[in-house]
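> Mapping of the sequence shown onto full-length UniProt numbering: position 75 corresponds to residue 75, and the numbering continues sequentially without gaps. Glycine included, every Cβ here is placed at the ideal spot set by N, Cα and C. Can you read through this structure? Questions will come right after.
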Amino acid sequence: MPGRLNVAKADHKFAASNQSRRIQFIVVAGVLQLAFLIIFGIFVRYDSAADAKYIGDPDVVAKKRGVSGSSTLGPPVKDDLASYYSMFQDIHVMMFVGFGFLMTFLKRYGFSSVGINMFLACIVIQWSTIVRGCFHLHDGKITFGVMDLLYSDFSCVGILISYGCVLGKLTPVQMMIMAMIQVPIFVGNEYLGLEIFMVKDVGGSIFLHIFGAYFGLFVSLVTFDRNVAGHRSDSTIYHSEIFSMIGTLFLWMFWPSFNSAVALQDSRLRGVINTYITLSSCTVVAFLLSAALTEDRKFLMMHIQNSTIAGGVAVGSVADMQLQPWGAMLIGVVAAIVSVTGYRFLTPKLEKIRFHDTCGVNNLHGMPGLISGIASAIACAVASREMYGDSLFVVFPAMAPANTTVTVSLLNGDHEIKTGLGRTPGTQGLYQLAAIGCTLAVAIVGGTLTGLILRLPFFDSYDRVTYYSDEPHWHRPEDGFPDRFTQLIYHKGETQVVPEHRVDDVTLRGATYEVKVNQAYELQEAN
């Protein structure tokens, strides 16, 4: 009888804790969405290209046709839907399908990997629109157009990278709070780098990947619980690895769009070519090293899922620069080496000092992002008019003369470049390095403070029973659930079948108990 009471008490505690988390989620999500609705209603409006009342404005008509509308970099840029929508949708697929399915490798966390990824992205889309708009107000209003669609997606990517570090360890409410804190820090750091430092980062390797990776790593460090290391659910099964590979393939296919979406003129074509070549060489070397570094010389799916796309990150900051195909190929080779060896040797060492990285984000985003940032400093330092021709000041606007305007010949005619800062190539390279250091500092401090906030008692955190499990928040199909275990609890000659979560409860580990774990279908056959 005492044994049964302990089991009932454990079950009641488990159910009550999960119920508290669910109610907390409903309240916080509802409050946030209501706040977004009010703010959008008061402050957010269509931009002039989307607003029907400006239909007769010649400048707006020209902008919609893609023949006007100067960017901050000088020459006219197509700002219509036809020019950017395909790129936007490619990035959208990366965000919802690519990142979502890439994280389905955990055997009991598939619903949350895809579902919470989608939910979190939709929170960030709305919140980043508000935060970004505050930096670019027009008559006290936040305007929203086709480019804002892209930038909202970019914000999502940075946050979803951090999500990978804490996958399965934070509750949905903690994820929401992390995103709400992270977005203003991310946007502020990006504004400092792009608008003040005038750094080149067309593919976001510095401001998205480095920031997201190390912000998430330090959140993971501060919120670390010793029970996550070696947890029985922090593992994979055959078909969860296949689903994860689907995410890899979508990311691989659409990464050229990601790295070239906001590039100008011929730079966009270079962005596609460089990324394509980098991904190809990176994939070959990743397969090679995966076999070479495992004891039985077999491929490890973790390497293939992640290291094959590390090249897309590594080329991001330099995607629109004059690398030449061999340079892009070299970056892919280096990215694969760093990523695979990181998974093989560095990740286990980081876990020993409490940097528990569920998805290996440091190897896919962090270190390849650092490679890209350093490569951008070198590429900027060697840039010249002979190398880039008339497009030098389009690719590097800060190098444009500070006191006079320059007329250059581009594909769609002669255009006047706005005055820049008159930087030398070497100075621009130093600014690239400064941006890396600044981003690392902001990410580390921001991630640490965010982690401390998430540890507050107000948040009903997961415990060792609920880590890496869909059980607390999802209805799961009973039939066909992979690796579903039940436990036979033997107590004084009696056999009792209990739910899987109870076996982890300390009340079931007394000396009078013997715990056996059997697959569910075996139990059914025996009965």
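#1: Would you list the one or two residues that DSSP bridges to Thr143?
#2: In angstroms with no decimal places, state the Cα-to-Cα distance between Asn227 and Thr171.
#3: Within 10 angstroms of the Cβ of Leu137, are there 16 or more other Cβ atoms? Answer buried if so, exposed if not.
#4: Please return the same chain residues whose Cβ sits closer than 7 Å to the Cβ of Leu452, not counting the five positions on each side in sequence.
#5: Give the range of the alpha helix (DSSP H) segment to which Pro425 is assigned.
#6: Cutting at 8 Å between CB atoms, please list the residues of its own chain near Arg476, excluding the five before and the five after it.
#7: In whole angstroms, what separates the C-alpha of Val272 from that of Phe459?
#8: To the nearest angstrom, how far is it from the Cα of Asp505 to the Cα of Ala286?
#9: Which residues in the same chain as Tyr191 place their Cβ atom closer than 8 Å to its Cβ, once the five residues preceding and following it in sequence are excluded?
#10: Give me the residue from Ala35, Ser86, Ile206, Ser240 with the minimum Cα distance to Tyr109.
#11: Confirm, please, whether the CB-CB distance from Leu269 to Phe355 is below 8 Å.
#12: Look at the alpha carbon of Glu386 and the alpha carbon of Met399, and state the distance between them as a whole number of angstroms.
#13: Taking C-beta to C-beta, are Phe197 and Tyr431 nearer than 8 Å?
#14: In terms of DSSP beta bridges, what is Asp138 paired with?
#15: Under 8 Å, with one C-beta from each stretch per pair, do the segment 257 to 267 and the segment 375 to 385 reach the 3-pair mark?
#16: Would you say Tyr388 and Gly168 are within 8 Å of each other, going by their C-beta atoms?
#17: Can you give me the Cβ contacts of Ala121 inside the same chain, cut-off strictly under 7 Å, excluding the 5 residues immediately before and after it?
#18: Taking the straight line between their C-alpha atoms, what separation do you get for Ser48 and Tyr54?
#19: How about Thr278 and Gly332: do their beta carbons lie closer than 8 Å?
#20: Hey, how far is the Cα of Val394 from the Cα of Val28?
#21: Roughly how many whole angstroms lie between the Cα atoms of Val284 and Val166?
#22: Work out the CA separation of Phe186 and Ser391 for me, nearest whole Å.
#23: Touch check for the segment 319 to 329 and the segment 296 to 310: three-plus C-beta pairs under 8 Å?
#24: Where does Arg354 fall in DSSP's three states?
#25: If you draw a straight line from the alpha carbon of Val340 to that of Phe243, how long is it in whole angstroms?
#26: Using the Cβ count rule (16 or more neighbours within 10 Å means buried), how would you classify Ile116?
#27: Is it buried or exposed for Ser86, if we count other Cβ within 10 angstroms and need 16 for buried?
#28: Which same chain residues, not among the five before or five after Leu289, have their C-beta less than 6 Å away from its C-beta?
#29: For Ile23, is the classification buried or exposed, using 16 other Cβ atoms within 10 angstroms of its Cβ as the cut-off for buried?
#30: Determine the closest residue to Ala263 out of Arg132, Val114, Gly203, with distance taken between C-alpha atoms.
#31: Quick one: grab the DSSP three-state call for Ile277.
#32: Considering only the alpha carbon of each residue, which of Pro348, Leu330, Phe25, Gly212 lies closest to Ala375?
#33: Going by beta carbon distance, what residues of the same chain come within less than 6 Å of Ser307, once the five residues before and after it are set aside?
#34: May I have the straight-line CA-CA distance separating Leu449 from Asn403, to the nearest angstrom?
#35: Have a look at Asp148 and Gln265 and give me their C-alpha separation to the nearest angstrom.
#36: Which whole runs of the alpha helix (DSSP H) in the segment 187 to 240 are 4 residues long or more, in chain order?
Walking through what the data contain:
#1: Arg45
#2: 15 Å
#3: exposed
#4: Val222
#5: 425 to 454
#6: Counting only Cβ-Cβ distances below 8 Å, and skipping sequence neighbours, we find Phe111, Asp470.
#7: 44 Å
#8: Note on Asp505: pLDDT 43, under 50, position unreliable in the model; the coordinate value appears next. C-alpha separation (whole angstroms): 41 Å.
#9: Excluding positions up to five away in sequence, the list reads Phe135.
#10: Ser240
#11: no
#12: 14 Å
#13: yes
#14: Sequence inspection shows His at residue 138; the Asp mentioned does not correspond to that position. Partner(s): Lys141.
#15: no
#16: No, Cβ-Cβ distance for Tyr388 and Gly168 is not below 8 Å.
#17: Met95, Phe96, Cys156, Leu160
#18: 6 Å
#19: yes
#20: 45 Å
#21: 29 Å
#22: Going by the C-alpha atoms only, they are around 30 Å apart.
#23: Result no; under three Cβ-Cβ pairs closer than 8 Å.
#24: coil
#25: 21 Å
#26: buried
#27: exposed
#28: Val340
#29: exposed
#30: Gly203
#31: helix
#32: Leu330
#33: So the list reads Ala286, Ala336, Ser339, Val340, once near-sequence residues are dropped.
#34: 43 Å
#35: 19 Å
#36: 211 to 222
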